[in-house]
Amino acid sequence: MRTELVSEPGDPDRPNEDFAAVLLPASGQGGALVILDGVTPPRDGTGCLHSVPWHVAHLGGALTELTVSRPDVPLPEALARAIARTAEAHVTTCDLSHPRTPQATVVVARWSPESVEYLVLSDSALLVESSEGSVTAVLDDRLSRLPRSALATDALVDANVRNKEGGFYTAAADPSVAERAVTGVLPRAGVRALLGMTDGATRWVEKFREGDWEDCFRFVRKEGAGALVERVRALETADTERVFLRRSKAHDDASAVYVEL
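With the first letter of the sequence shown counted as 1, position 169 gets the number 204 in the numbering used here; the numbers rise by one all the way through.
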(Lines of atoms letter the chains of each structure in order from A and count residues from 1; the text may use other names and numbers.)
(Lines give C-alpha, C1' and ligand atoms only; values in the text may rest on other atoms or scores of the structure.)
Protein backbone atom coordinates (compact mmCIF):
# COMPACT_ATOMS: atom_id res chain seq x y z
CA MET A 1 0.00 0.00 0.00
CA ARG A 2 1.29 3.45 -0.94
CA THR A 3 0.29 6.43 1.22
CA GLU A 4 1.38 10.06 1.08
CA LEU A 5 0.42 12.95 3.34
CA VAL A 6 1.39 16.60 3.10
CA SER A 7 0.03 19.53 5.11
CA GLU A 8 1.60 22.96 4.76
CA PRO A 9 0.51 26.25 6.35
CA GLY A 10 -0.26 29.14 4.07
CA ASP A 11 1.76 31.42 6.33
CA PRO A 12 4.76 29.94 8.16
CA ASP A 13 4.25 32.49 10.94
CA ARG A 14 0.71 31.27 11.70
CA PRO A 15 -0.52 27.86 12.92
CA ASN A 16 -1.78 25.46 10.28
CA GLU A 17 -5.58 25.26 10.55
CA ASP A 18 -5.77 21.98 8.58
CA PHE A 19 -5.81 18.45 10.03
CA ALA A 20 -4.74 15.42 8.02
CA ALA A 21 -4.32 11.76 8.96
CA VAL A 22 -3.95 8.32 7.39
CA LEU A 23 -5.07 5.46 9.61
CA LEU A 24 -3.93 1.88 9.14
CA PRO A 25 -5.23 -0.30 11.98
CA ALA A 26 -2.95 -3.11 13.14
CA SER A 27 -5.49 -5.68 11.95
CA GLY A 28 -4.41 -4.92 8.39
CA GLN A 29 -8.01 -5.28 7.27
CA GLY A 30 -8.66 -1.71 6.20
CA GLY A 31 -7.90 1.90 6.97
CA ALA A 32 -9.10 5.48 6.70
CA LEU A 33 -8.12 9.00 5.83
CA VAL A 34 -9.36 12.11 7.62
CA ILE A 35 -8.90 15.71 6.44
CA LEU A 36 -10.25 18.87 8.05
CA ASP A 37 -9.83 22.48 6.97
CA GLY A 38 -10.43 24.97 9.76
CA VAL A 39 -12.41 28.05 8.77
CA THR A 40 -10.33 31.17 9.34
CA PRO A 41 -12.32 33.46 11.69
CA PRO A 42 -13.10 37.15 11.12
CA ARG A 43 -11.15 39.74 13.04
CA ASP A 44 -14.05 40.62 15.33
CA GLY A 45 -14.09 37.25 17.07
CA THR A 46 -15.94 33.97 17.30
CA GLY A 47 -17.51 33.98 20.75
CA CYS A 48 -14.99 31.29 21.69
CA LEU A 49 -11.93 31.32 23.94
CA HIS A 50 -10.26 28.73 21.74
CA SER A 51 -8.50 28.97 18.41
CA VAL A 52 -9.43 27.28 15.15
CA PRO A 53 -6.37 24.97 15.46
CA TRP A 54 -7.68 23.92 18.90
CA HIS A 55 -11.06 23.07 17.42
CA VAL A 56 -9.57 21.24 14.44
CA ALA A 57 -7.24 19.20 16.66
CA HIS A 58 -10.07 18.16 18.98
CA LEU A 59 -12.56 17.44 16.20
CA GLY A 60 -9.98 15.67 14.03
CA GLY A 61 -8.72 13.61 16.95
CA ALA A 62 -12.23 12.55 17.97
CA LEU A 63 -13.21 11.72 14.39
CA THR A 64 -10.02 9.75 13.84
CA GLU A 65 -10.59 7.66 16.96
CA LEU A 66 -14.25 6.99 16.19
CA THR A 67 -13.60 6.16 12.53
CA VAL A 68 -11.07 3.47 13.43
CA SER A 69 -12.36 2.14 16.74
CA ARG A 70 -16.01 1.91 15.67
CA PRO A 71 -16.11 0.48 12.14
CA ASP A 72 -19.73 -0.47 12.81
CA VAL A 73 -20.72 3.20 13.15
CA PRO A 74 -21.61 4.90 9.83
CA LEU A 75 -19.46 7.92 9.00
CA PRO A 76 -22.25 10.52 9.45
CA GLU A 77 -22.86 9.21 12.96
CA ALA A 78 -19.14 9.18 13.69
CA LEU A 79 -18.91 12.82 12.62
CA ALA A 80 -21.95 13.76 14.69
CA ARG A 81 -20.41 12.12 17.76
CA ALA A 82 -17.08 13.86 17.14
CA ILE A 83 -18.80 17.25 16.84
CA ALA A 84 -20.75 16.62 20.04
CA ARG A 85 -17.64 15.51 21.90
CA THR A 86 -15.75 18.61 20.79
CA ALA A 87 -18.64 20.91 21.72
CA GLU A 88 -18.83 19.37 25.18
CA ALA A 89 -15.17 20.25 25.72
CA HIS A 90 -15.91 24.00 25.68
CA VAL A 91 -19.67 24.51 26.02
CA THR A 92 -19.30 25.92 29.55
CA THR A 93 -16.75 28.56 28.54
CA CYS A 94 -17.76 29.62 25.03
CA ASP A 95 -20.77 30.82 23.04
CA LEU A 96 -21.28 27.91 20.69
CA SER A 97 -24.32 29.59 19.13
CA HIS A 98 -22.10 32.28 17.58
CA PRO A 99 -22.17 31.87 13.76
CA ARG A 100 -18.35 31.93 13.69
CA THR A 101 -17.75 29.53 16.55
CA PRO A 102 -14.71 27.50 15.39
CA GLN A 103 -15.61 25.18 12.53
CA ALA A 104 -14.12 23.10 9.75
CA THR A 105 -14.73 21.34 6.46
CA VAL A 106 -14.49 17.54 6.56
CA VAL A 107 -13.38 14.69 4.29
CA VAL A 108 -13.39 11.10 5.55
CA ALA A 109 -12.91 7.85 3.67
CA ARG A 110 -12.83 4.43 5.34
CA TRP A 111 -12.16 1.13 3.64
CA SER A 112 -12.52 -2.51 4.58
CA PRO A 113 -12.11 -5.72 2.56
CA GLU A 114 -15.72 -5.29 1.43
CA SER A 115 -16.37 -1.57 0.97
CA VAL A 116 -15.16 2.02 0.79
CA GLU A 117 -17.26 4.58 2.68
CA TYR A 118 -16.89 8.32 2.18
CA LEU A 119 -18.16 11.61 3.63
CA VAL A 120 -17.55 15.15 2.38
CA LEU A 121 -18.82 18.29 4.12
CA SER A 122 -18.20 21.72 2.59
CA ASP A 123 -15.51 22.69 0.10
CA SER A 124 -12.72 20.14 0.57
CA ALA A 125 -12.61 17.34 -2.02
CA LEU A 126 -12.24 13.57 -2.35
CA LEU A 127 -11.11 11.99 -5.62
CA VAL A 128 -11.82 8.30 -6.16
CA GLU A 129 -10.02 6.25 -8.78
CA SER A 130 -11.92 3.17 -9.92
CA SER A 131 -10.37 -0.21 -10.63
CA GLU A 132 -10.73 0.63 -14.33
CA GLY A 133 -8.80 3.89 -13.93
CA SER A 134 -11.57 6.50 -14.14
CA VAL A 135 -11.54 9.31 -11.56
CA THR A 136 -14.64 10.67 -9.82
CA ALA A 137 -14.67 13.85 -7.74
CA VAL A 138 -16.86 13.66 -4.63
CA LEU A 139 -17.74 17.27 -3.84
CA ASP A 140 -20.10 19.19 -1.59
CA ASP A 141 -20.61 22.10 -3.99
CA ARG A 142 -23.29 24.04 -2.12
CA LEU A 143 -20.95 26.93 -1.34
CA SER A 144 -19.79 27.27 -4.96
CA ARG A 145 -23.39 27.32 -6.19
CA LEU A 146 -24.38 30.33 -4.09
CA PRO A 147 -24.65 33.68 -5.92
CA ARG A 148 -21.83 36.14 -5.33
CA SER A 149 -24.30 38.57 -3.83
CA ALA A 150 -24.95 36.13 -0.98
CA LEU A 151 -21.22 36.06 -0.19
CA ALA A 152 -20.49 39.77 -0.52
CA THR A 153 -19.74 40.34 3.18
CA ASP A 154 -19.08 38.23 6.28
CA ALA A 155 -22.24 39.64 7.84
CA LEU A 156 -24.39 38.46 4.93
CA VAL A 157 -22.80 35.03 4.93
CA ASP A 158 -23.23 34.55 8.67
CA ALA A 159 -26.80 35.84 8.72
CA ASN A 160 -28.15 34.02 5.69
CA VAL A 161 -26.14 31.06 4.42
CA ARG A 162 -23.59 29.73 6.93
CA ASN A 163 -24.97 26.49 8.37
CA LYS A 164 -28.46 27.39 7.17
CA GLU A 165 -31.00 25.75 4.88
CA GLY A 166 -30.33 26.82 1.31
CA GLY A 167 -26.74 27.75 2.19
CA PHE A 168 -23.76 25.60 3.11
CA TYR A 169 -22.66 23.59 6.13
CA THR A 170 -19.49 23.11 8.17
CA ALA A 171 -18.62 21.09 11.26
CA ALA A 172 -19.04 23.61 14.08
CA ALA A 173 -20.98 22.78 17.27
CA ASP A 174 -24.20 21.28 15.90
CA PRO A 175 -23.98 17.50 15.40
CA SER A 176 -27.00 17.51 13.07
CA VAL A 177 -24.93 18.99 10.22
CA ALA A 178 -23.42 15.53 9.75
CA GLU A 179 -26.71 14.56 8.13
CA ARG A 180 -26.07 17.24 5.48
CA ALA A 181 -22.79 15.73 4.30
CA VAL A 182 -22.32 14.09 0.90
CA THR A 183 -21.94 10.39 1.65
CA GLY A 184 -21.79 7.04 -0.09
CA VAL A 185 -20.51 3.48 -0.06
CA LEU A 186 -18.63 1.77 -2.91
CA PRO A 187 -17.56 -1.87 -3.40
CA ARG A 188 -13.96 -2.23 -2.26
CA ALA A 189 -13.05 -4.17 -5.39
CA GLY A 190 -14.10 -1.21 -7.52
CA VAL A 191 -11.72 1.33 -5.90
CA ARG A 192 -8.00 1.53 -6.67
CA ALA A 193 -6.93 4.76 -4.96
CA LEU A 194 -8.14 7.86 -3.09
CA LEU A 195 -6.98 11.48 -2.89
CA GLY A 196 -8.36 13.86 -0.28
CA MET A 197 -7.56 17.58 -0.40
CA THR A 198 -8.39 20.80 1.40
CA ASP A 199 -9.27 23.78 -0.77
CA GLY A 200 -5.73 25.12 -0.44
CA ALA A 201 -4.63 22.13 -2.54
CA THR A 202 -7.67 22.03 -4.84
CA ARG A 203 -6.61 25.48 -6.07
CA TRP A 204 -4.61 23.52 -8.68
CA VAL A 205 -7.96 22.77 -10.35
CA GLU A 206 -10.43 25.32 -9.00
CA LYS A 207 -8.36 28.52 -9.07
CA PHE A 208 -5.46 28.02 -11.47
CA ARG A 209 -7.09 25.65 -13.97
CA GLU A 210 -3.96 23.53 -14.39
CA GLY A 211 -6.24 20.67 -15.39
CA ASP A 212 -9.42 18.87 -14.36
CA TRP A 213 -9.87 16.53 -11.41
CA GLU A 214 -8.56 13.53 -13.33
CA ASP A 215 -5.48 15.51 -14.37
CA CYS A 216 -4.92 16.47 -10.73
CA PHE A 217 -5.15 12.85 -9.64
CA ARG A 218 -2.69 11.75 -12.32
CA PHE A 219 -0.30 14.53 -11.30
CA VAL A 220 -0.30 13.35 -7.69
CA ARG A 221 0.08 9.70 -8.67
CA LYS A 222 3.15 10.54 -10.77
CA GLU A 223 4.75 13.48 -8.93
CA GLY A 224 3.48 13.03 -5.36
CA ALA A 225 1.29 14.99 -2.95
CA GLY A 226 4.16 17.26 -1.99
CA ALA A 227 4.67 18.28 -5.61
CA LEU A 228 1.02 19.28 -5.85
CA VAL A 229 1.36 21.73 -2.96
CA GLU A 230 4.68 23.02 -4.32
CA ARG A 231 3.05 23.73 -7.68
CA VAL A 232 0.15 25.54 -6.02
CA ARG A 233 2.59 27.69 -4.05
CA ALA A 234 4.45 28.59 -7.24
CA LEU A 235 1.21 29.53 -8.98
CA GLU A 236 0.10 31.63 -6.01
CA THR A 237 3.39 33.51 -5.97
CA ALA A 238 3.26 34.13 -9.72
CA ASP A 239 -0.29 35.52 -9.59
CA THR A 240 0.86 39.03 -8.69
CA GLU A 241 -2.05 40.64 -10.56
CA ARG A 242 -4.52 38.35 -8.75
CA VAL A 243 -6.00 37.23 -12.05
CA PHE A 244 -6.80 33.81 -10.58
CA LEU A 245 -6.96 34.43 -6.84
CA ARG A 246 -9.05 37.62 -6.96
CA ARG A 247 -10.35 38.16 -3.40
CA SER A 248 -8.95 34.88 -2.06
CA LYS A 249 -6.04 34.92 0.38
CA ALA A 250 -2.62 34.86 -1.30
CA HIS A 251 -1.65 31.55 0.31
CA ASP A 252 -3.94 29.09 2.04
CA ASP A 253 -3.17 26.10 4.26
CA ALA A 254 -2.90 23.15 1.87
CA SER A 255 -3.24 19.46 2.71
CA ALA A 256 -3.45 16.34 0.57
CA VAL A 257 -3.65 12.65 1.45
CA TYR A 258 -3.10 10.04 -1.27
CA VAL A 259 -3.74 6.34 -0.69
CA GLU A 260 -3.45 3.40 -3.06
CA LEU A 261 -5.61 0.59 -1.68
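Glycine included, every Cβ here is placed at the ideal spot set by N, Cα and C. Quick caveat, the model's predicted, so the values are computed rather than measured.
_Would L175 and V192 qualify as a contact pair, given that the criterion is a beta-carbon distance under 9 Å?_
The sequence given here has Asp at residue 175, not Leu. No.
*Could you check the C-alpha separation between R244 and D107 for me, to the nearest Å?*
39 Å
*So, is R180 buried or exposed, given that buried needs 16 or more other C-beta atoms within 10 angstroms?*
exposed
_Beta-carbon gap between L58 and E164 smaller than 9 Å_ = no
*At which residues does the beta strand (DSSP E) containing P50 begin and terminate?*
Premise fails: P50 is in no beta strand (DSSP E) and is neither H nor E.
*Length-filtered (4 minimum) alpha helix (DSSP H) runs lying within the region 201-274*: 238-241, 248-258, 260-273
*Would you call the CB atoms of L114 and L98 closer than 9 Å?*
yes
*Shortest alpha-carbon distance to W248 belongs to which of P137, G95, T136, S159?*
S159
*When DSSP labels each residue in this structure, what does E164 get in the three-state scheme?*
strand
_Please state whether the Cβ-Cβ distance between G95 and A56 is less than 9 Å._
yes
*So, do the region 219-226 and the region 122-141 have three or more beta carbon pairs nearer to each other than 8 Å?*
no
*How far does the beta strand (DSSP E) with T140 in it reach, from first residue to last?*
139-146
*Helix, strand or coil at S184 [DSSP, three-state]*: helix
*Euclidean distance between Cα positions of A213 and E265*: 32 Å
*T38, DSSP secondary structure in three states*: strand
*Between which two residues does the alpha helix (DSSP H) carrying E100 extend?*
87-104
_Distance between beta carbons of L162 and F252, contact taken as under 8 Å_ = 5 Å
*Classify G246 as buried or exposed, calling it buried when 16 or more other Cβ atoms lie within 10 Å of its own Cβ.*
exposed
*asked:* Please classify A273 as buried or exposed, where buried requires at least 16 neighbouring CB atoms within 10 angstroms.
replied: exposed
*Where does L174 sit, in a helix, a strand or coil, going by DSSP?*
strand
*Going by DSSP, what residues sit across from L156 in a beta bridge?*
V141
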